[in-house]
Structures are given as C-alpha cells and as structure tokens.
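Chains A and B, in that order, are what the protein sequence lines are.
Sequential numbering from 7 applies to the first sequence in our numbering.
Sequential numbering from 7 applies to the second sequence in our numbering.
Glycine included, each C-beta is placed from N, C-alpha and C at the ideal position.
As the structure is a prediction and not an experimental result, all values here were calculated from the model.
First the structure, in the form of structure tokens, and then the observations on it.
Protein chains: 2
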Amino acid sequence: MPLQIFPTPQDAEAAFYEALERTDLELMMAVWSEDEEIVCVHPGGPRLAGQDQVRESWRQIFASGAAARLHVTKQVAISGAMVAVHSVHENFSGPGESGPMQAVVATNVYLRTAAGWRMVAHHGSPAPGTAEPPPASPKILH
Amino acid sequence: MPLQIFPTPQDAEAAFYEALERTDLELMMAVWSEDEEIVCVHPGGPRLAGQDQVRESWRQIFASGAAARLHVTKQVAISGAMVAVHSVHENFSGPGESGPMQAVVATNVYLRTAAGWRMVAHHGSPAPGTAEPPPASPKILH
C-alpha cells in the first residue's frame with residue numbers, strides 16, 4: 007500500500023525532496039510509480055530502470071551519508087492533465103556547512119495514476135557554476 | 007509551419023536523432039514543441055529553457071563540429087496516451103573513427119499535441135563506462 011496519495015505533481019515533488027533530505031527510503035519509494043517502467047539517473051551515474059534498481063540506488067545513497075540541506079530553485083514546469091515535467095536546480099549543502107556546493111540540474115517526470123501523482127523518471131546531472139547559497143531563513147522546500 | 011508531423015513518439019525520436027546526426031537545425035526544431043515550456047540539458051551543460059535558448063544551443067553545437075555517427079541503444083519507454091518518456095543510450099563515433107566513444111544517457115519526453123508528437127524535454131549526461139561499438143552493418147537509427 008502506498009504511504010501517501012499526492013493530489014498534485016507539486017505534492018509529489020515536495021515529498022521527493024523531503025525524502026532526499028531526510029534520507030527516508032520508504033517515503034522516497036512512495037513517490038515513485040509502482041510500475042516497472044521507471045527510470046532514474048543520479049548525477050554522473052548510469053541509467054537505472056525498474057523498481058529494484060531504483061530502490062537499491064536510493065538505499066545505497068541514503069546509507070552512505072548524512073542528510074543534506076537542500077533547497078530547490080529555478081523550477082520550470084510543463085504541465086498537462088496527466089503528466090508534469092519539472093526542471094529544477096537542486097542546491098545542496100552538507101550538515102554544518104553554510105557555503106554553496108555544486109548544484110544539480112534535475113528533470114523530474116510525474117504521471118497522474120489511480121493512486122495520485124507519481125514520479126516515473128528522475129535525471130540529475132551536475133550543473134555548471136555554483137549552487138545558490140541557502141536562504142537565510144529556515145529552509146522551505148517549496 | 008512545422009516541417010513534419012510525427013504520428014508516434016518513435017517517429018519524433020527517429021527525427022531527433024536524424025537531425026542530430028545530420029546537424030540539421032530545422033529538422034531538430036521541428037521535433038520540439040512550439041511552446042515556450044521546453045527544457046534541454048546537454049551533457050555537462052546548464053539547463054536551457056524556451057525556444058530561443060534551445061534553438062541557439064543546437065545551432066552552436068551543429069556549427070561547431072562535423073556530423074557524428076550515432077546509434078541509439080537500450081531504450082526504455084514509458085508510454086501513455088498523451089506522453090512518452092524514452093530513456094536511451096546515445097553511442098557516438100566521429101567521422102572516420104571506428105572505435106567506441108563515451109556514451110550519453112538521455113531522457114527524452116514527448117507530448118501528443120495538435121501537431122503530432124513533439125519533444126518537450128531532453129536531458130543528456132555522460133554515461134559511465136564505454137559506449138557500445140557501432141554495428142557492423144549500415145547504421146539503423148531504430
């Protein structure tokens with residue numbers, strides 16, 4: 007059973023980045039479609055396809071490091087009745103770090119399913135230039 | 007006016023890679039949606055959005071180099087009535103080169119529009135490992 011229903015693509019995306027920031031594997035996989043046709047490319051990584059590869063990659067990422075602070079900027083959204091494509095910059099900073107780190111440019115694709123909006127594709131790659139500094143106020147994902 | 011109508015996402019994708027291989031800017035832009043909400047990330051590059059940025063990037067790429075031989079492998083397709091997401095490996099080899107070059111993993115998103123299927127997002131990034139060698143027989147894009 008899915009943990010959550012996401013009524014909009016923005017809800018699914020908020021949960022995706024919350025899961026990433028909290029290193030919460032169950033929430034992360036609740037964002038993804040339950041179909042086998044899902045694809046994920048982590049920055050610098052190979053193309054992963056299917057539930058097993060995608061889940062295992064997030065498990066390893068979450069097992070290997072502390073949670074990062076993250077704020078998402080520069081969203082461009084392509085929106086339809088059944089599909090949403092979001093292009094964003096992911097700006098990470100490590101625990102205790104205040105300076106900007108390398109940003110990631112990500113393409114996120116969501117489909118409207120019987121169980122709400124779900125991610126079917128995530129493609130991240132290092133963005134040239136420097137990440138934006140984190141906001142001075144408490145972080146707001148969206 | 008669009009140069010061509012693409013009745014299926016595969017037709018649009020075949021034209022995309024034909025345009026890339028032939029460095030044909032008009033065909034390339036005929037594949038893209040005419041909306042402003044289009045996004046393109048070239049391997050190692052920044053996120054580009056909108057007609058002007060996307061067209062200008064392809065113009066520069068096509069102006070800077072000779073056509074490359076290209077074959078596309080390992081397609082994973084997520085297909086709906088109005089959307090198609092294709093994940094592929096792009097295997098390039100330069101003119102006169104027979105050996106494999108670095109592959110690119112690409113996420114291509116197509117929407118069904120009133121003018122046939124059109125690309126709305128392309129995200130490419132270097133794929134770890136080595137590209138597959140080109141086929142011995144004359145290249146077939148699909």
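**Request:** Confirm, please, whether the CB-CB distance from F12 (chain A) to W123 (chain A) is below 8 Å.
**Result:** A contact, by the Cβ cut-off of 8 Å.
**Asked** How about R53 (chain A) and S93 (chain B): do their beta carbons lie closer than 8 Å?
**Response** In this structure, R53 (chain A) lies near S93 (chain B), with their beta-carbon atoms less than 8 Å apart.
**Prompt:** DSSP on E96 (chain B), reduced to helix/strand/coil?
**Reply:** Reduced to three states, the DSSP call for E96 (chain B) is strand.
**N- and C-terminal bounds of the beta strand (DSSP E) containing M88 (chain B)** = Counting along the chain, M88 (chain B) falls outside any beta strand (DSSP E), and DSSP gives it neither H nor E.
**Request:** Entirely within the segment 24-80 of chain A and at least 3 residues each: give me those beta strand (DSSP E) ranges in chain order.
**Result:** Correct list: 45-47 and 53-55.
**Prompt:** Going along chain A in order, which residues have a C-beta closer than 8 Å to the C-beta of E133 (chain B)?
**Reply:** The amino acid occupying residue 133 (chain B) in the given sequence is Ala; Glu does not appear at that position. When 8 Å is used as the limit between beta carbons, A133 (chain B) is near these residues of chain A: P52 and R53, in chain order.
**Bounding residues of the beta strand (DSSP E) (the contiguous stretch that carries T113 (chain A))** = Segment A109 to T119, the beta strand (DSSP E) holding T113 (chain A).
**Own chain, CB closer than 6 Å to A90 (chain A), minus 5 neighbours either side, in chain order** = Hits under 6 Å: P15 and Y116.
**Request:** Over the uninterrupted beta strand (DSSP E) stretch that includes G130 (chain A), give me the two end residues.
**Result:** Here the beta strand (DSSP E) through G130 (chain A) covers G122 to P132.
**Request:** Work out the CA separation of R118 (chain B) and A87 (chain A) for me, nearest whole Å.
**Result:** C-alpha separation (whole angstroms): 12 Å.
**Prompt:** Could you give the distance in angstroms between the alpha-carbon of V47 (chain A) and the alpha-carbon of A120 (chain B)?
**Reply:** Cα-Cα distance, rounded: 31 Å.
**Prompt:** Can you find a C-beta in chain B that's less than 8 Å from the C-beta of E43 (chain A)?
**Reply:** Yes, its Cβ sits closer than 8 Å to a Cβ of chain B.
**Asked** Would you say G122 (chain A) reaches chain B, if we count a Cβ-Cβ gap shorter than 8 Å as a contact?
**Response** So no, G122 (chain A) is outside the interface.
**Request:** Using 10 angstroms around the beta-carbon of P144 (chain A), count the other beta-carbons present and answer buried if the total reaches 16, otherwise exposed.
**Result:** Because the pLDDT at P144 (chain A) is just 47, under 50, the model does not fix this residue reliably, and the value given afterwards should be weighed accordingly. Burial call: exposed.
**Item:** Contacts that V115 (chain A) makes with chain B (C-beta to C-beta distance below 9 Å)
**Value:** I84, V89, V91, T113, V115 and A127, listed in chain order.
**Item:** Residue-chain proximity (V47 (chain A), chain B), Cβ-Cβ < 8 Å
**Value:** Closer than 8 Å to the CB of V47 (chain A) there is at least one CB belonging to chain B.
**Request:** Out of B:M107, B:D41, B:S85 and B:V126, point me to the one whose CA is closest to V78 (chain B)'s CA.
**Result:** Comparing Cα-Cα distances from V78 (chain B) to each of B:M107, B:D41, B:S85 and B:V126, the minimum goes to B:M107.
**Message:** Please report the distance separating the alpha-carbon of W38 (chain B) from that of E27 (chain A).
**Reply:** Their backbone Cα atoms lie some 34 Å apart in a straight line.
**Asked** Relative to the alpha-carbon of A55 (chain A), which residue among B:Q66, B:V111 and B:A20 has its alpha-carbon at the smallest distance?
**Response** Answer by Cα proximity: B:V111.
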